[in-house]
Ligand SMILES: C[S@@+](CC[C@H](N)C(=O)[O-])C[C@H]1O[C@@H](n2cnc3c(N)ncnc32)[C@H](O)[C@@H]1O
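Numbering (UniProt numbering), first residue to last: 1 to 846.
In structure tokens:
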């Protein structure tokens, strides 16, 4: 049962909107910054260097090249030209108090990935100078133009060079955050070579010829480039991606991949907007959905309006800036930012303004007005979003309620669940009705047979005795209340026991019994495994007919429900049932770069960081194996949301069958009759609770695997009326227990991410191991690619590039596509002892 902290109510999202001009003509002084703020922007970009500097670099490079081509010198003898240090005419930046509010932009005209070493070298000098100077001035965020992926017809071979340069740039300052600006997908017309004065076209023919062979651009190319960059930079927390949003959004699969990468900034160029009937810029519905999706994040990205017009009022500063509401004052713009007061007119609002006024007070920032309009009209948050807002991608250690005694606040969080307790009540009521309908024997005495004369008089008594219900692990008693309510609504007489080992919760249970339950409940302080069963008037022990428990963790059995319920099974009557009747654990492979980076950080001080499963509200993740069609070569095709392939790992059912329990008892103590002991230690008494699964997943798109997401489903009760189930499995949750908030998923991390080419296969092995005193999980993932064309259309996805360089040649046209383990260095065997839970602490003999 998770989570273990109180959620925080989140206000409506705040949009931080910046203004960017790729050809900014006015240096961003304090006055410009204030003017931008008055217009409603929160931040402004500034180039690090001036056009003057750009011209000098171009002159330097072309002089050098013409010397080489004229044979004045040969390239071996001539050292690479050195760019002189920056002087005041080279940069508009200077240290100031407001500089931290600027986003510095490095020169987009350099080409760090150029196949020509000269161009790459000059670019690198420029880049280093710019980043270092920006860091010196106190800039916190630097936007870096992403690598140019196509050089003519050749795909970038200099990507690793680019990544290396970024890695070094991160050392320029300890607080410097670099944002790599990339298009969502590579559009032909986004070639960086088109940037005015780009260094890319200076690359000499001989280097272009030796570049990699021509290949078709793929939809995931820019994402793959980002993956290389951040991998080379070791998932540095000061490096993030900034995305340029195109006019046509790509497939959902690519959108969801980028979402998982936690972009720090979304840039909207004017070309991403459409014009509405009145000529105002607007975004399409899918774009609006994308913004809403991002803006619900715990840390939403900044929005950058790029080349949508200058900052109003700069040309003639004495002229006030007018909106529909009148001149903008600093205070008005501040409240616009907070989203609390009306700001510039929306297109709809503008339509209300009389024509003459509208002409007189023309909106100077229509793109910004539109974004603020979206901000004011964000859809309300759902139940789960409201509850989970503070928890998104926040790693927690799983609870261990058997070993630890939970705090009251933890129970309080559980009890806020709007679904779980209702479903338990439905399950108990259905079980009671069936019990009566089937006329099953009842283990409880009639009330009149009770020991005390002031016993509670059961109005429902039908002379057949009472059905005995025990809530084991009762906590503060919410399931006890629900059992009483189920008895009342069904009219089936019950005898109710509440068993809890937490001495503090025991106090609360007793108080409830006095104040709320009218002493109808027998409260017992005991470990359920040591409880002898209901006490009869003659001081012997009776039996339980319906055992109610909620001992489930995010991966079903990880809070040791199987071990606890086996241990209390001796109190059950012959016809007894357990609620839950069964539970299953489920897995799916995911890309989770944020979580991976977080665990990397923890691993610096915690050697077990990679061997711990984490409870986490998975949010910025991407499902790597999906069952619905999510692949499309057409970037603008709006395909349906992909359904993750979530597979069942294993199942537990209760009560345990008698022969299994008997064998377990025979093994306990290590007698000869009990065999040779447990496979991984101990006598083997708990070995029936060990499990293993091997699951196969197909991954259509290229990706990187960071770990496994784990979920559970449980059948609380399956009877004549209906089956009552709970689920955290994203595929079935909506149908089985929509809006349930008690459990977050579990995440099993991989220390080394596994790179997956398109059309890869993953084989996941997972064990639940036990040595009678502990339970732990072990997991291992193998990745394969299919090679050769055996009529499988998927295998047509660049099989050649999918091969590790060292792979031996495969026989042609084998009848069955051959599978080969992906890059052997990616093959990961996680050592055992992933999760250690003290399974059998000394029993409580109270
Ligand atoms: C997840 S909480 C559920 C509490 C409550 N039933 C609810 O649904 O809100 C599990 C409870 O079981 C108790 N528990 C765990 N193992 C137990 C054991 N072996 N014997 C008795 N109580 C146990 C814990 O102390 C905790 O109160």
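A virtual CB, placed ideally from N, CA and C, is assigned to each residue, including glycine. For clarity, every value in this text was computed on a predicted model and none was experimentally measured.
Excluding the 5 residues flanking residue i on each side, which residues of the same chain have their C-beta closer than 8 Å to its C-beta?
i: residue 598; result: 393 and 395
i: residue 13; result: 295, 296, 300, 375 and 378
i: residue 383; result: 418, 739 and 741
i: residue 258; result: 184, 223, 241 and 243
i: residue 675; result: 667 and 684
i: residue 582; result: 651, 652, 653, 654, 714 and 715
How close, in whole Å, do the beta carbons of residue i and residue j come, if the pair is a contact with beta carbons under 8 Å?
i: residue 524; j: residue 499; result: 5 Å
i: residue 122; j: residue 33; result: Not a contact, Cβ separation roughly 32 Å.
i: residue 711; j: residue 729; result: 4 Å
i: residue 90; j: residue 52; result: 6 Å
i: residue 68; j: residue 81; result: At roughly 11 Å, the Cβ-Cβ gap does not stay under 8 Å, so residue 68 and residue 81 are not in contact.
i: residue 551; j: residue 473; result: 5 Å
i: residue 623; j: residue 747; result: Actually they are not in contact, since the Cβ atoms of residue 623 and residue 747 sit about 13 Å apart, beyond 8 Å.
Taking 6 Å as the limit between beta carbons, can you name the residues of its chain near residue i, skipping five residues before and five after?
i: residue 16; result: 42 and 302
i: residue 427; result: 579, 716, 717 and 724
i: residue 20; result: 45, 304 and 306
i: residue 502; result: 405
i: residue 173; result: 135
i: residue 680; result: 769 and 771
i: residue 116; result: 203, 204 and 207
i: residue 648; result: 584 and 586
i: residue 476; result: 411, 505 and 508
i: residue 720; result: 434
Going by DSSP, which residues form a beta bridge with residue i?
i: residue 761; result: 698 and 784
i: residue 766; result: 693 and 779
i: residue 307; result: Answer by DSSP bridge pairing: none, since residue 307 is not bridged.
i: residue 497; result: 470 and 522
i: residue 412; result: Answer is none; residue 412 lacks a bridge partner.
i: residue 258; result: In DSSP, residue 258 forms no bridge with anything.
i: residue 274; result: 282
i: residue 267; result: 244 and 304
i: residue 718; result: 723
i: residue 177; result: 141
i: residue 647; result: 587
i: residue 20; result: 306
i: residue 489; result: Per DSSP, none; premise fails for residue 489.
i: residue 549; result: 472
i: residue 396; result: 615
i: residue 626; result: 644
i: residue 43; result: 18
Output yes or no for whether 9 Å exceeds the beta carbon distance between residue i and residue j.
i: residue 314; j: residue 239; result: no
i: residue 415; j: residue 478; result: yes
i: residue 692; j: residue 773; result: no
i: residue 241; j: residue 180; result: yes
i: residue 126; j: residue 177; result: no
i: residue 694; j: residue 766; result: yes
i: residue 229; j: residue 147; result: yes
i: residue 271; j: residue 246; result: yes
i: residue 703; j: residue 755; result: yes
i: residue 163; j: residue 231; result: yes
i: residue 461; j: residue 480; result: no
i: residue 705; j: residue 779; result: no
i: residue 526; j: residue 471; result: no
i: residue 683; j: residue 667; result: yes
i: residue 544; j: residue 468; result: yes
i: residue 850; j: residue 18; result: Outside the shown range of the chain, which is 1 to 846, sits residue 850, and nothing can be said about it.
i: residue 764; j: residue 775; result: no
i: residue 367; j: residue 273; result: yes
i: residue 751; j: residue 610; result: yes
Tell me which same chain residues have a C-beta within less than 7 Å of the C-beta of residue i, skipping the five on either side of it?
i: residue 845; result: Bear in mind that the predicted position of residue 845 carries a pLDDT of just 33, short of 50, making it too unreliable to give a figure here.
i: residue 138; result: 95, 99 and 100
i: residue 195; result: 108 and 109
i: residue 722; result: 430
Does the beta carbon of residue i fall short of 8 Å from some heavy atom of ligand 3?
i: residue 415; result: Inclusion of ligand 3 in the displayed structure is not the case, the ligand content consisting of ligand 1 alone.
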